[in-house]
Amino acid sequence: MRILRVRPRVGGIGMGLLFTSEPVANVTSSNQVLVSACLLGVSCRYDGLSKPLPDADRLGAQGLIPVCPEVMAGFGVPRPAIERREDGRVVVCDSGEDVTERLERAAHAIADLASAHGVTTAWLKEYSPSCGSTFLKRGGVAVPGEGLAAAVLRRRGMTVLPADGPCSPLAPEPGAVETR
Ligand code: SF4
Numbered sequence: 488m489r490i491l492r493v494r495p496r497v498g499g500i501g502m503g504l505l506f507t508s509e510p511v512a513n514v515t516s517s518n519q520v521l522v523s524a525c526l527l528g529v530s531c532r533y534d535g536l537s538k539p540l541p542d543a544d545r546l547g548a549q550g551l552i553p554v555c556p557e558v559m560a561g562f563g564v565p566r567p568a569i570e571r572r573e574d575g576r577v578v579v580c581d582s583g584e585d586v587t588e589r590l591e592r593a594a595h596a597i598a599d600l601a602s603a604h605g606v607t608t609a610w611l612k613e614y615s616p617s618c619g620s621t622f623l624k625r626g627g628v629a630v631p632g633e634g635l636a637a638a639v640l641r642r643r644g645m646t647v648l649p650a651d652g653p654c655s656p657l658a659p660e661p662g663a664v665e666t667r
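When you read off a place in the sequence shown, starting at 1, and then add 487, the result is the number in the working numbering.
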């Protein structure tokens with residue numbers, strides 16, 4: 488298993504393709520997967536922290552490509568918490584600012600990147616309004632649903648899997664619940 492090197496780059500959407508890895512031009516095989524960057528130890532969460540998976544080898548891929556939709560959307564680190572509402576819109580919790588379009592553009596940029604290099608699978612962080620693939624949090628409560636980036640990647644034909652949480656194929660114990 489190889490974690491592709493993360494290299495900040497300015498340009499593109501908002502702050503740019505901050506978590507696009509340098510060797511992505513060489514990514515051509517299906518044994519490369521996208522992974523929520525915070526799960527690989529990148530401190531890109533809204534609170535400035537990461538949420539590293541204890542054993543990324545269990546993802547079973549030879550190359551892991553870290554991506555963070557919210558940083559790619561230019562939201563910065565740290566940043567105000569956002570939430571995906573029942574109507575599908577994504578808003579800043581405190582101000583109510585609608586950031587749906589910005590996040591959608593970032594998610595499509597990730598899908599373009601994956602598509603251009605034959606990457607078809609994404610392991611994403613559960614409970615996130617962007618990356619959650621079977622659960623997200625609304626009002627601090629875990630509810631069934633998918634984050635905006637996960638939804639876009641699925642619409643674009645990718646296989647999106649939760650890398651953590653109770654629905655993850657990697658979950659060590661049934662019913663284990665992790666908060667965002
Ligand atoms: S869950 Fe997704 S959007 Fe949130 S910090 Fe991790 S990679 Fe970024």
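For glycine and all other residues, C-beta sits at the position ideal for the given N, C-alpha and C.
Model, not experiment: these values are computed from the prediction.
Quick check on this structure: which residue in the options has the alpha carbon closest to the alpha carbon of residue i?
i, options, result
"residue 569", "653, 645 and 627", "627"
"residue 523", "648, 578 and 657", "648"
"residue 652", "620, 587 and 599", "620"
"residue 641", "630, 598 and 658", "598"
"residue 587", "636, 576, 580 and 594", "576"
"residue 592", "528, 559 and 529", "559"
Where does the unbroken beta strand (DSSP E) through residue i begin, and where does it stop?
i, result
"residue 649", "646-649"
"residue 549", "Here residue 549 belongs to no beta strand (DSSP E), and DSSP marks it neither H nor E."
"residue 576", "Here residue 576 belongs to no beta strand (DSSP E), and DSSP marks it neither H nor E."
"residue 521", "519-523"
"residue 571", "569-571"
Pull the bridge partners of residue i from the DSSP assignment, please.
i, result
"residue 608", "646"
"residue 562", "None, per the DSSP bridge assignment."
"residue 628", "625"
"residue 533", "Note: residue 533 sits in no beta bridge, so no partner."
Have a look at residue i and residue j and give me their C-alpha separation to the nearest angstrom.
i, j, result
"residue 607", "residue 550", "13 Å"
"residue 519", "residue 601", "9 Å"
"residue 603", "residue 643", "12 Å"
"residue 557", "residue 632", "18 Å"
"residue 622", "residue 657", "15 Å"
"residue 547", "residue 526", "15 Å"
"residue 488", "residue 545", "Residue confidence is low: residue 488 scores 43 on pLDDT, short of 50, so the model does not pin down where it sits. Its coordinate-derived value is still stated next. Their backbone Cα atoms lie some 9 Å apart in a straight line."
"residue 566", "residue 636", "17 Å"
"residue 553", "residue 564", "16 Å"
"residue 596", "residue 616", "17 Å"
What are the boundary residues of the alpha helix (DSSP H) that residue i is part of?
i, result
"residue 584", "Counting along the chain, residue 584 falls outside any alpha helix (DSSP H), and DSSP gives it neither H nor E."
Subject >> Validate contact between the region 636-653 and the region 609-623 using beta carbons, cut 8 Å, 3 pairs >> reply: yes
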